[in-house]
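J.:
Now the structure itself:
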């Protein structure tokens, strides 16, 4: 069963996913986060996608097609869970995490924000220190959005040292464990 704060790791076969997989040397090309809405009898997935920004869709839609509308979903999706969310020591973690996640719904991708993300990646690949003006603000790539949700609980995913945080960094974290393969 999907729990609040579960992580969805995606391994797709479309060209952009292949580029991400090649660049990060990982099968993972996208990541999202899930929340249960008991009142609606739904699991909602929040993700940051190009041209749309941060959006919320039903899990059934997420697993059936890509953000570009490709059906069926061209790849695999793994449900994973961060071990710290099962620890009762965190004070009301889901309320804090969902507050961060839902408050960013609709955060747009503008050309300037996309360019800054690209410049962060380029600076990292060149081994340069990232200027403060390029640090993430309220624009996100998928992995930075999910990491921000966990950051709201003081749970951090280390960056790869190359100027960005990739789905591979989240998948490789010691506290993130696979739960189930999601049928697509």
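Numbering (my numbering), first residue to last: 25 to 208. Positions of the beta carbon are idealized from the N, C-alpha and C atoms, including for glycine. Since the structure is predicted, the reported quantities are computational estimates derived from the model, not experimental observations.
Mind checking residue 52: buried by the 16 CB within 10 Å criterion, or exposed?
T.: Looking at its Cβ environment, which holds 16 or more other Cβ atoms inside 10 Å, residue 52 is buried.
J.: Please classify residue 105 as buried or exposed, where buried requires at least 16 neighbouring CB atoms within 10 angstroms.
T.: Looking at its Cβ environment, which holds 16 or more other Cβ atoms inside 10 Å, residue 105 is buried.
J.: Would residue 130 be called buried (16 or more neighbouring beta carbons within 10 Å of its own) or exposed?
T.: By the neighbour-count rule (16 or more Cβ atoms within 10 Å), residue 130 is not buried but exposed.
J.: Start and end of the beta strand (DSSP E) containing residue 127?
T.: Note, residue 127: premise wrong, no beta strand (DSSP E); alpha helix (DSSP H) at 117-127.
J.: Which complete beta strand (DSSP E) runs does the stretch 149-207 hold, if anything under 3 residues is left out?
T.: As far as the stretch 149-207 is concerned, its whole beta strand (DSSP E) runs of at least 3 residues are 200-206.
J.: For residue 177 versus residue 120, is the C-beta spacing smaller than 7 Å?
T.: Contact flag set, yes.
J.: Measure the C-alpha to C-alpha separation of residue 123 and residue 116 and round it to an integer number of angstroms.
T.: Cα to Cα, residue 123 sits roughly 11 Å from residue 116.
J.: Residues bridged to residue 100 by DSSP?
T.: For residue 100, which the question treats as bridged, DSSP gives the partners 35.
J.: I'd like the list of long-range same chain contacts for residue 201, defined as Cβ closer than 7 Å, with 5 residues on each side in sequence excluded.
T.: Only 104, 105, 107 meet the Cβ criterion.
J.: Taking the straight line between their C-alpha atoms, what separation do you get for residue 214 and residue 95?
T.: No information on residue 214 is available, as it lies outside the stretch 25 to 208 that the chain covers here.
J.: Which residue from 207, 206, 190, 174 puts its Cα closest to that of residue 199?
T.: Checked all of 207, 206, 190, 174; the closest Cα to residue 199 is 174.
J.: Is the beta carbon of residue 73 less than 7 Å from the beta carbon of residue 58?
T.: Result no, Cβ atoms of residue 73 and residue 58 do not sit closer than 7 Å.
J.: Taking the alpha-carbon positions, what's the residue 195 to residue 46 distance?
T.: For residue 195 and residue 46, the distance between alpha carbons rounds to 16 Å.
J.: Residues in its own chain within less than 8 Å of residue 205 by CB, not counting five upstream and five downstream?
T.: The residues are 100, 101, 102, 103.
J.: How many Å lie between residue 125 and residue 150 at the Cα?
T.: Going from the Cα of residue 125 to the Cα of residue 150 covers about 31 Å.
J.: Decide if residue 193 is buried, meaning its Cβ has at least 16 other Cβ atoms within 10 Å, or exposed.
T.: Under this definition residue 193 is a buried residue.
J.: In chain order, which beta strand (DSSP E) runs of at least 3 residues are fully inside the stretch 25-72?
T.: Counting only runs of 3 or more, we get 30-36, 54-61.
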